[in-house]
Structure formats: C-alpha cells, structure tokens
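Asks: What follows is a single structure, and I will ask about it in a moment.
Numbering (my numbering), first residue to last: 1 to 374.
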C-alpha cells in the first residue's frame, strides 16, 4: 500500500520554499546562488512539526505491491518499475528535432578526390515524419555531388546537440548526444502535399530563407533515412536505430530547455547534488557531481568519487534519477527535481514523517554506467 505524501508541489513550496522571513529559506529553483535546499537552517524537529499535518496524497513507489482477486482468492503482484529513461529512437528523434543545422556528407566527384567524403555545413528542418528537409543552392558543391550521384545515391547528415544553431545551448566537447542519418535525398516538387508547411517551417527556423526560397537557384530536398546511428555522448551508449522506430518516436518535451536547466543545476545547486549523491544514490567520498541530462522522465548524473582504501584513485559512474511521474513542462521538471533535493535533505537531517519509510526510498534510481578501470 502506497504511503501518504505531499498533496502537490505547491504545498511543499509554501511550507519550505516560500517562507524565508529569517533569510535562510529556499527561494525557488536556480534563481540565485544561495537558494539551495541543503542550506536550510530550520531545525529538524520544527520542520517535522509544521509539515507533518499537510501530507495528504498517496506517495508513489517504484515497485508498489498490488493486491488483486483471482478466482475468489487474493494474490499479491509487484508492479513493474516505472520507465525512467527515454528509449533510443526517442533520443535520436530528439537530437534531430532540437538541432537545426548539421554536416551533410556527400561523395565527391572532384578530380583527384573522387569518391572521398565531402562535408558541408547545412541548415535543415524536419517534416512530420522526422525526415530532414534542406534548402540548397543548385551551384553548391554538395548539391552538385548529389546530382552527379543520381537517384539512389546515399548521403549522411550529422547533427549534434550544442551546435552553433541548436537550441540546446553550448557544446561540451564530445560529451553530448549526436545522430547520423544516412539515406537517399531527392528534390521536393512544389506539388508535394506538405510543400506550404515545409516552407513555413523552414522560414520560421531560418530567417534568411524568405529571401532565397523563391529564387530559381534554390530548391528544397528531403532526406529519407535508410540507416540512423545514435551516440549518447563520450564513452556511453551508441546504437543503430530502425528508421520506422525513429519515425514513430516523439521528441522529448523538455529538449529545447534541457541545457538551461542543466546549466542552472550545475551552477547553483552543487551542494544539493552532492547531498543527493550521498543520501539517494548511496555514494560515499563524492568528489564531484554534474548533471549531464534532463528529460521528461528524469535526470542523469555523472558522479566522481574516491575508491575506499585507495584514496588516490577516482571512479566515475553514471546514474539515472527518475521522476515519479513524467513531466509535461519545465515547471513540472523543476518541481520534481526540487522534491529529490528536499528528500535528500530530509534523510540527511533524520526527518521522520510518522511512517516507516525513509525519505527518498521510493525515488527510482538506476546505475547506467560504471567505471571498471580499477
């Protein structure tokens, strides 16, 4: 049976965040360097007394026991843990959706380098099926390569989060998600059903397009994926994605705001992240922690710690801290993250809410990568 927890984040905010008459209360999510949950100075007994009466809704557990009746008898089932990670097709579709530019690789037909890969910086948008659509000058070298390759010629579009025109914020070297889309590319005729929609979509994404898209020298091209390769970052998962699964996938709702959320967490909530590692992830001797990803299902943490009995040795592990429910907005994500921080603070301060469950015990956690170089 799930235990009683907070009615809503509004109650939590009213009790713990908004009340700062003494100057020590938390004022919100990442709007100042001092607004850390772990910096609260109220005594545990006072907090316990004031907040215990407000807890009225059911606390969600990662593997709640469910009783059901079968043929007149009762049997107990354990529900499956919640999904706390995007699947790979969703991740690939998200990267291609957030990015609006990339590197187009064609096969060169130039003398002396014929057949060599030729890379060009290009802008693009996605159509409703996730196919990249490019506006290209007929005299560009990559356009000439495509024309000479003829129908069925393959090209690859490489897109990476943190690029110069992506909405995902600045890049962090190789530690970002990226996607390579390989397929055939063909000119889009003005009779295409989505012609007007594509023109509008491209004009919104790229302001210069209105000046050139009606020129007889510029044409729209559509890349139809044949193979898709996704890389999650440096030293993490990489996988081929079936084109149909990519087509059916939905980009993450937080994709365009994830980078700013991560930057604020890493900049303003270092103490809360350290406390989360110790109390929620049970990692000792934490040296450094950094948020490397946020989406509608949770956040990714990269944790560096010292090896017991070998204090000169450092280990770096990857963890996934899931949200109890999928979020549908940036504000929802902030609320879920603050709940994690709050329960880490509660556990660290020995707060008891009158039940047998330790604060943070039902937060879904998954170790996604382990440093095996001992």
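In this text, a Cβ means the ideal position worked out from N, Cα and C, and glycines have one as well. Note that the structure is predicted; figures quoted are calculated from it, not measured.
Given that a residue counts as buried once 16 or more other Cβ atoms are within 10 Å of its Cβ, and exposed if not, what is residue 300?
Replies: For this step, residue 300 is matched to residue 300 along the chain shown. Buried, by the Cβ-count rule.
Asks: For residue 341, is the classification buried or exposed, using 16 other Cβ atoms within 10 angstroms of its Cβ as the cut-off for buried?
Replies: Here residue 341 is taken as the residue at index 341 of the chain shown, counted from 1. Residue 341 comes out buried.
Asks: Taking 8 Å as the limit between beta carbons, can you name the residues of its chain near residue 348, skipping five residues before and five after?
Replies: Here residue 348 is taken as the residue at index 348 of the chain shown, counted from 1. Excluding residues within five positions, the ones whose Cβ falls inside 8 Å are 38, 275, 278 and 279.
Asks: Using C-beta distances below 6 Å, list every residue in its chain close to residue 316, excluding the 5 sequence neighbours before and after it, in chain order.
Replies: Along the chain shown, read from residue 1 onward, the residue named residue 316 stands at position 316. Closer than 6 Å at Cβ, skipping near neighbours: 304 and 371.
Asks: Buried or exposed for residue 113, please, with buried defined as at least 16 other CB atoms from any protein chain shown within 10 angstroms of its CB.
Replies: As a position in the chain shown, residue 113 is number 113, starting the count at 1. Burial is judged here by how many other beta carbons sit within 10 angstroms of a residue's own beta carbon; residue 113 has fewer than 16 and is exposed.
Asks: So the alpha helix (DSSP H) residue 229 belongs to, where does it begin and stop?
Replies: Position 229 of the chain shown, counted from the first residue, corresponds to residue 229. Here residue 229 belongs to no alpha helix (DSSP H); instead the beta strand (DSSP E) covers 218-231.
Asks: Pull up the DSSP beta-bridge partners for residue 160, would you.
Replies: Translated into positions along the chain shown, residue 160 becomes position 160. DSSP lists 178 as partners of residue 160.
Asks: Would you identify the three-state DSSP class for residue 243, choosing helix, strand or coil?
Replies: Here residue 243 corresponds to residue number 243 of the chain shown, with the count starting at 1. DSSP places residue 243 in the helix class (H, G or I) of the three-state scheme.
Asks: So if DSSP puts residue 318 in a beta bridge, which residue, or which two residues, is it bridged to?
Replies: For the purposes of this step, residue 318 is identified with residue 318 of the chain shown, where counting begins at 1. Beta-bridge pairing links residue 318 to 302 and 369.
Asks: Using a 10 Å radius around the Cβ and a threshold of 16 neighbouring Cβ atoms, would you call residue 197 buried or exposed?
Replies: Residue numbering aside, residue 197 sits at position 197 when the chain shown is read from its first letter. By the 10 Å Cβ count, residue 197 comes out exposed.
Asks: Taking the alpha-carbon of residue 232 as reference, which of 176, 296 and 330 has the nearest alpha-carbon?
Replies: Counted from its first residue, the chain shown places residue 232 at position 232. Closest option to residue 232, Cα to Cα, is 176.
Asks: Touching or not, the stretch 91-102 and the stretch 111-130, by the rule of three or more beta carbon pairs under 8 Å?
Replies: Yes, they touch.
Asks: Residues in its own chain within less than 7 Å of residue 346 by CB, not counting five upstream and five downstream?
Replies: To locate residue 346, count along the chain shown from 1; it is residue 346. In chain order, 359 place their CB closer than 7 Å to the CB of residue 346, counting only its own chain and leaving out the 5 sequence neighbours on each side.
Asks: Counting only the same chain and skipping the five closest in sequence on each side, list residues whose C-beta sits under 8 Å from that of residue 226.
Replies: On the chain shown, residue 226 is found 226 positions in, with the first residue counted as 1. For residue 226, where only same-chain residues beyond five positions count, the Cβ hits under 8 Å are 154, 182, 183, 184 and 243.
Asks: Do residue 366 and residue 84 have their CB atoms nearer than 8 Å?
Replies: Position 366 of the chain shown, counted from the start, is the residue given in the question as residue 366. Position 84 of the chain shown, counted from the start, is the residue given in the question as residue 84. Result yes, Cβ atoms of residue 366 and residue 84 sit closer than 8 Å.
Asks: Is it true that the stretch 243-263 meets the stretch 212-222, where meeting means three or more beta-carbon pairs spaced less than 8 Å apart?
Replies: no
Asks: Using DSSP's beta-bridge definition, name the partner residues of residue 186.
Replies: By one-based count along the chain shown, residue 186 stands at place 186. 222.
Asks: Would you tell me roughly how many angstroms separate the C-alpha atoms of residue 362 and residue 283, rounded to the nearest one?
Replies: Walking along the chain shown from the start, residue 362 turns up at place 362. Walking along the chain shown from the start, residue 283 turns up at place 283. For residue 362 and residue 283, the gap between their C-alpha atoms comes out near 17 Å.
Asks: Report the three-state DSSP secondary structure of residue 136 (helix, strand or coil).
Replies: Position 136 of the chain shown holds residue 136. Strand at residue 136.
Asks: In angstroms, rounded to a whole number, what distance separates the CA positions of residue 295 and residue 260?
Replies: For the purposes of this step, residue 295 is identified with residue 295 of the chain shown, where counting begins at 1. For the purposes of this step, residue 260 is identified with residue 260 of the chain shown, where counting begins at 1. Roughly 12 Å separates the two Cα atoms.
Asks: Should residue 322 be labelled buried (16 or more other beta-carbon atoms within 10 Å of its own) or exposed?
Replies: Here residue 322 corresponds to residue number 322 of the chain shown, with the count starting at 1. Burial call: buried.
Asks: Can you tell me the Cα-Cα spacing of residue 240 and residue 180, whole angstroms?
Replies: By one-based count along the chain shown, residue 240 stands at place 240. By one-based count along the chain shown, residue 180 stands at place 180. Their backbone Cα atoms lie some 10 Å apart in a straight line.
Asks: So what does residue 293 bridge to, in DSSP terms?
Replies: On the chain shown, position 293 is the one that residue 293 refers to. In the DSSP output, where bridge partners are listed per residue, residue 293 has 300.
Asks: To test your reading of the DSSP string, which unbroken alpha helix (DSSP H) runs of 4 or more residues are found completely within the stretch 324-364?
Replies: 330-348
Asks: How would you call residue 224, buried or exposed, if buried means at least 16 neighbouring beta carbons within 10 angstroms?
Replies: Residue 224 sits at position 224 when you count from the first residue of the chain shown. Classification for residue 224: exposed.
Asks: If you drop the 5 nearest sequence neighbours on each side, which residues of the same chain put their C-beta closer than 6 Å to that of residue 142?
Replies: As a working mapping, residue 142 is identified with position 142 in the chain shown. Hits under 6 Å: 104, 106 and 120.
Asks: Let's test the definition: count the other Cβ atoms within 10 Å of the Cβ of residue 318 and tell me whether it reaches 16, buried, or not, exposed.
Replies: Taking the first residue of the chain shown as position 1, residue 318 is located at position 318. Label assigned to residue 318: buried.
Asks: Out of 329, 158, 337 and 288, point me to the one whose CA is closest to residue 314's CA.
Replies: Taking the first residue of the chain shown as 1, we reach residue 314 at position 314. Among 329, 158, 337 and 288, the Cα nearest to that of residue 314 belongs to 288.
Asks: According to DSSP, what are the bridge partners of residue 107?
Replies: Counting from one through the chain shown, the residue named residue 107 turns up at place 107. Answer by DSSP bridge pairing, in chain order: 117.
Asks: Check the DSSP bridge columns for residue 288 and list the partner residues they point to.
Replies: Numbered from 1 along the chain shown, position 288 holds the residue referred to as residue 288. DSSP output for residue 288 lists 304 as bridge partner(s).
Asks: If you follow the alpha helix (DSSP H) that residue 203 is part of, which residue opens it and which one closes it?
Replies: Start at 1 with the first residue of the chain shown, and residue 203 comes out as number 203. 195-205 is the extent of the alpha helix (DSSP H) around residue 203.
Asks: When DSSP labels each residue in this structure, what does residue 101 get in the three-state scheme?
Replies: Reading the chain shown from its first residue, position 101 is the one you call residue 101. Note: residue 101 maps to strand in three-state DSSP.
Asks: Considering only residues of the same chain and omitting the five flanking positions on each side of residue 257, which have a CB-CB separation below 7 Å?
Replies: Locating residue 257 in the chain shown gives position 257, where the first residue counts as 1. 330.
Asks: Taking the alpha helix (DSSP H) that residue 149 belongs to, which residues open and close that run?
Replies: Counted from its first residue, the chain shown places residue 149 at position 149. Element bounds for residue 149: 141-149.
Asks: May I ask which residues mark the beginning and end of the alpha helix (DSSP H) holding residue 261?
Replies: Indexing the chain shown from 1 puts residue 261 at position 261. Segment 258-268, the alpha helix (DSSP H) holding residue 261.
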